[in-house]
Amino acid sequence: MNRLFIVSNRLPVSVTQSKDGIKVRPSVGGLATGMKSIYKEMESTWVGWPGIDRSYLTGEDEKSVAGQLEKEHCQPLYIDKKDMDAYYYGFSNKTIWPLFHYFPQYTVYDRDYWEAYRKVNRMFADKLESMIRKDDHIWIHDYHLLLLPNMIKEKHPGTTIGFFNHIPFPSYELFRLLPWREEIIEGILGADLVGFHSYDYERHFSSCVRRLFGYDYELNQFNLGHRIIRVDSFPMGIDYEKYNSAAWKIRKNGNQKKPKVQEDIERFHQVMPGRKLILSIDRMDYSKGIPNRLHAFRRFLEKYPGYHGKISLVMLTVPSRSKVDQYQLLKKEVDEQVGKINGTYGDLNWTPVWYFYRSMSFENLILLYYYSDIGLITPLRDGMNLVAKEFIATKTEGTGVLILSEMAGSAKEMNEAILINPNNREEMAEAIRQAIEMPVEEQKKRNEHLQKRLKRYTVEKWAGDFVSGMKEIKTIQRTYSSKKMNAQVTGTILDNFRSSEKRILFLDYNGTLVYSKKAREYASPDKELYALLDRLEERSVDIVLMSSRDRDTLEKWFGDRDLMLFAEHGIWKKTGKEGWQQTSQPMGNFWKESIRPAMESYVDRTPGSYLEEMNNVLSWHFEKADPDHGIIRARDLKDELTARILNTELQIVEGRNVIEIKPSSMNKGIAALDVITGKNYDFIMAVGDDWTDETMFELLPERAVTLRVGMKKTIARYNCESYRDVRKLLNQMSIR
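Residue numbers (our numbering): 151 to 886.
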């Protein structure tokens, strides 16, 4: 059975110290709940900070904590106060939190915070080092541990690592502000599966990866060269049964002894029957949009005086980071706004805003949910927001209206709610009126759809789907790695090469012999490559360079060597010191006159792109363009060119960051087959890095060694990770 390690900043239990000794109490959070079923299915251990400073514990205390935590399948990582201040309160919550929630004005870029963040992530890696084995699954949670996936993967490449980010992931325009942006992306890319609550965050992350590293991305998968990873969205659910059954219990209790909160709510309704309660529940955080919400409620009271005395806003705000200046200023602003609203509109019998600055027990939360008529959940930015889902789960009678910010991750799956822009006070005020006046039948219809969805996709289902996703990507990785050129394969290739007498190598250039992500003008051969080719020539190996480059460039680089060169996808050929010859009947250049203007228009509209014109090929390059913009434009250009070349002898070639159009009469495969026809080669090898090389792999004899650079789908017999592996193999061939 596979083992699962769950890693988060905090353990799912709280360790407290009192006169009665050390106590370990389970948390009631959604994450802990979601893991219950996974714990049963897999041998699981949770690693995290226990919530207490080690300096306060005696040796006996530590033993007691360790013993109690072991019963809960938990392993503690102790972090001293200085590191915790800089790692958690510093980098995590003064750098990552505000920037990822779109508050760059609050973001602090502090080198000491960053060093502490790296240190604590390394502490987590060291803690896991002694615990994990090759085939273990490791699920890392949230923004506190962005560097941890790669730290583990570097030492344990055989493990399956999942990373889930519970907060928003910002667009590249914001993420690029981070001085440590490359290190953070590299850290996350250590995971095999990267998860987010919504497609928007998944898209932002993928955009950042493409812009910073240029990795190929297709069908939710990044090709890192040596490994395939998956990026996907998994909207977190709630324990629906827990909230729904608790609400049913209130409904059935009737005249039993009632908590004070329930008595207060019932008294509110008795003063004026038909009164409505609006509920909002948040941490005191600038991302929650509390001042905007209060402004909108005030605007509602201004516009609709007929509702005075008939509606109140119950605002439960849980204290958070109360020692931080921004949070103190926020609380002061909220206190003042509540005072102004109540002072302006309230009277002896009516308080417009009931303001609670504290946490509440689960029982009291359920009472608030159950008795509230409207849920007003309006964050400026939120990863998911489970409060919205909990509110709907308690509506056992089917009535109640949810007003939800479109900036919350949960809005993507709760379209039946009244969705609002949290920056638009007028829209929020109108949404409150709409919610009050919504017919009961419409309320029930909306809530029926919402509840059905919440009941189906629970937090347990979310956790199960993510773990299944980790297993699926591992299967995909194994499929690719089964064709990977390992030591045994290399040995067999070399044995066949050395025992042969007549040998030929077909070698692509960009991405095969040199680094593919360099700009084309900087991808010229280096001294090492020249020396390598010279040694192979000395061993009487026939070398054929197959390139999409123009013949002038190949002549400049390799014209003085005794190589066979094919330029422009095989259209031009040069053997040794002879001149260049066209390999097929010339088509002429008349077709360029109709195609060139279309391609030039894409150059004009795509900053960073450029047009390259060769004798028989037109190439639109976009490696210097914005990656997302370039991909969209390439798709559009391909569609336009496809329509233009119908019933012609032209062909579109889609390569890495390039769209090319050329005569269809020649390709690398046809050229390679022509070279070996009538020759008695007893060793043939072809190497390439993109789909234009697939024609070689397909048309060469079955006995040929075919090798594709990069872990991609291919009809080649083998894959290798990078051009360095190709050079290493060729170097071994060049040694007598």
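Note that CB positions come from ideal geometry on N, CA and C, so glycine has one too.
A quick note: this is a predicted structure, and the numbers were derived from the prediction, not measured.
Please name the residue in the options whose C-alpha comes closest to that of residue i.
i: Gln371; options: Tyr390, Leu297, Val344; result: Val344
i: Met749; options: Ile721, Arg783, Thr733, Gly726; result: Arg783
i: Gln225; options: Ile338, Val163, Leu552, Glu486; result: Val163
i: Leu327; options: Phe314, Phe319, Trp289, Pro254; result: Pro254
i: Asp292; options: Pro318, Val165, Thr310, Asn765; result: Pro318
i: Ile582; options: Gly525, Arg380, Asn573, Ser632; result: Gly525
i: Leu715; options: Arg653, Ile400, Ala822, Gly614; result: Ala822
i: Asp350; options: Ala558, Thr625, Asn807; result: Ala558
i: Val258; options: Phe241, Ala266, His251; result: Phe241
i: Val484; options: Ile400, Arg175, Leu466; result: Leu466
i: Asp235; options: Glu368, Ala266, Ile428; result: Ala266
i: Lys863; options: Ser631, Tyr752, Ser814, Asn817; result: Ser631
i: Pro176; options: Pro200, Asp170, Ser187; result: Pro200
i: Ser430; options: Ser437, Lys706, Leu463, Pro455; result: Leu463
i: His110; options: Ser437, Thr208, Ala717, Val270; result: Outside the shown range of the chain, which is 151 to 886, sits residue 110, and nothing can be said about it.
i: Glu587; options: Lys633, Asp676, Gly424, Tyr665; result: Gly424
i: Asp233; options: Arg204, Leu249, Tyr607; result: Arg204
i: Trp196; options: Ile172, Tyr228, Leu154; result: Leu154
i: Asn797; options: Arg699, Ile781, Ser814, Arg806; result: Ser814
i: Pro469; options: Val617, Arg508, Ile388, Lys677; result: Arg508
i: Asn571; options: Val590, Leu530, Arg603; result: Leu530
i: His458; options: Asn492, Leu444, Ser472, Val639; result: Asn492
With burial defined as no fewer than 16 other Cβ atoms inside 10 Å of the residue's Cβ, what is the status of residue i: buried or exposed?
i: Asn405; result: Summary for Asn405: the model assigns pLDDT 48, below 50, so the residue's position carries little reliability, and this model does not support an answer.
i: Gly860; result: buried
i: Ile527; result: buried
i: Arg139; result: The requested residue 139 does not occur in the structure, where the chain is confined to residues 151 to 886.
i: Lys727; result: exposed
i: Ile865; result: exposed
i: Cys870; result: buried
i: Ser555; result: buried
i: Leu113; result: The shown model of the chain, from 151 to 886, leaves out residue 113, and the question about it has no answer.
i: Phe512; result: exposed
i: Glu332; result: exposed
i: Trp398; result: exposed
i: Asn817; result: buried
Could you compute how far the alpha carbon of residue i sits from the alpha carbon of residue j?
i: Trp500; j: Arg448; result: 15 Å
i: Glu577; j: Asp497; result: 27 Å
i: Ser872; j: Leu374; result: 10 Å
i: Leu644; j: Ser884; result: 10 Å
i: Tyr238; j: Arg268; result: 11 Å
i: Glu580; j: Ser194; result: 49 Å
i: Asp532; j: Ile246; result: 14 Å
i: Asp285; j: Gly308; result: 6 Å
i: Ala854; j: Ile834; result: 5 Å
i: Met434; j: Phe274; result: 29 Å
i: Leu600; j: Thr546; result: 12 Å
i: Ala673; j: Phe647; result: 29 Å
i: Leu369; j: Val488; result: 49 Å
i: Asp170; j: Glu220; result: 20 Å
i: Ile172; j: Asp875; result: 56 Å
i: Ile338; j: Val381; result: 11 Å
Using a Cβ-Cβ cutoff of less than 6 Å, which residues in the same chain neighbour residue i once the five nearest sequence positions on both sides are dropped?
i: Ala775; result: Thr756, Gly758, Ser759
i: Asn394; result: Ala543
i: Thr310; result: His287, Asp342, Met620, Lys624
i: Thr845; result: Asn817, Lys818, Gly819
i: Lys562; result: Ser348
Quick one: residues in its chain with C-beta nearer than 8 Å to the C-beta of residue i, no 5 flanking neighbours on either side, listed in chain order?
i: Arg746; result: Leu761, Glu763, Leu768
i: Arg886; result: Arg689
i: Trp504; result: Ser462, Leu463, Val464, Met465
Would you list the residues sitting across from residue i in a DSSP beta bridge?
i: Met557; result: Answer is none; Met557 lacks a bridge partner.
i: Met714; result: Val694, Thr725
i: Glu368; result: Gln371
i: Asn869; result: Lys634, Arg858
i: Ile811; result: Leu768, Ile802
i: Thr501; result: Paired residues: none, contrary to the question.
i: Lys426; result: Ile461
Considering only residues of the same chain and omitting the five flanking positions on each side of residue i, which have a CB-CB separation below 7 Å?
i: Val803; result: His719, Glu810, Lys812, Thr842
i: Asn881; result: Leu682
i: Gln167; result: Ile202, Tyr206
i: Gly184; result: Val609, Glu610, Trp612, Ala613
i: Glu540; result: Ile388, Tyr393, Tyr519
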